[in-house]
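For reference, the structure discussed in these notes is given below.
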Amino acid sequence: MANSAPATRPAHSTLLRTLAIFLLALILLVAIAVIVIWLAVKPKKLVYTIESGSIHNYNLTNNHLNATFNFELRAYNPNSRVSIYYDRIESTVYYDDQTLAVNSLQPFHQPKRNVTRLNLNFVSTNVELFPGVAKNLQMEKMSREVELEIRVKAKIRFKVGAVKNHRTLRLLCAPVVVPFSSSKSFERTPCDIDL
Ligand SMILES: *[C@@H]1O[C@H](CO)[C@@H](O)[C@H](O)[C@H]1NC(C)=O
Ligand SMILES: *[C@@H]1O[C@H](CO)[C@@H](O)[C@H](O)[C@H]1NC(C)=O
Ligand SMILES: *[C@@H]1O[C@H](CO)[C@@H](O)[C@H](O)[C@H]1NC(C)=O
């Protein structure tokens, strides 16, 4: 036993070194695998645009507004491996930083590589406007079109295989130029996205 003791030492350290190299190689492999998987499913940027907009039943009297605003929001998911669950979608339409109306949509699931068109219908019922804002809106009415702003906030989940990733999606669509008369054409408005 006393004679073999010096011999076990180098054998021991060789084993340790082999183990260390093995572990390092394993960590490296796992890291490479994670990078490859991430690159493979890396979500492409989602694309949102306001495709159409119109105003109906408009009446602004004594700084009080009645109107309905109808918009079509186009949501494009270009990803071939990622689908999206929209759990809660709340949108607000503003004029001159004043809230005109809010709207919430039913949850839905957007498949991979899909375009979904959502109807954002806002109803303003006797909304009191600041006098200055009402005056500006009246002037816009005379110019036959109005510049609005739409903000959307949604709780979403990205689904990749069996993995789901919770996020909050924020959209800012502005300026959305909406004609008061249907004879004028609407110009598509891209939305800024914040994830
Ligand atoms: C707008 O609303 C006011 C007050 O409710 C009403 O007196 C008026 O007739 C309405 N105007 C139009 C064009 O509907
Ligand atoms: C808006 O509509 C409500 C009824 O829904 C009515 O009482 C109010 O007078 C209207 N206001 C305007 C400005 O038209
Ligand atoms: C997108 O997905 C929705 C909901 O599943 C479906 O109704 C619609 O037809 C799809 N659109 C396209 C262009 O694939």
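Plus 2 on top of the position in the sequence shown (first one is 1) and you've got the numbering used here.
Just so it is clear, CB atoms sit at the ideal spot from N, CA and C, and this is done for glycine as well.
Computed from a predicted model, the values in this text were never measured in an experiment.
Proximity annotation: ligand 2 has residues ASN61, LEU62, THR63, ASN64, HIS66, LEU67, ASN68, THR127, ASN128 in chain order, each selected because its CB is closer than 7 Å to a heavy atom of the ligand.
Inclusion of LEU174 and ARG153 in the CB contact set at 8 Å is warranted, their separation being smaller than that value. With 16 or more neighbouring CB atoms inside 10 Å of its own CB, ILE57 falls in the buried class. When secondary structure is reduced to three states using DSSP, PRO133 falls in the helix class. In chain order, the residues with a C-beta atom nearer than 7 Å to some heavy atom of ligand 3 are PHE110, HIS111, GLN112, PRO113, ASN116, VAL117, THR118.
Proximity to SER126 across GLU53, ASN61, VAL36, SER106 peaks at ASN61, based on C-alpha coordinates. When C-beta atoms of the stretch 95 to 108 are compared with those of the stretch 144 to 163, three or more pairs fall below 8 Å, so the two segments count as touching.
In the assembly as shown, VAL84 is a buried residue. Its beta-carbon has 16 or more other beta-carbons within 10 Å. The C-beta of LEU21 has fewer than 16 other C-beta atoms within 10 Å across all chains shown, which makes the residue exposed. Rounded to the nearest whole angstrom, the C-alpha separation of GLN100 and ASN128 is 14 Å.
Sequence-distant partners of LEU139 (beyond 5 residues in either direction) whose C-beta falls short of 8 Å from its own C-beta, in its chain, are LEU62, LEU67, TYR97, ASP98, LEU131, VAL148.
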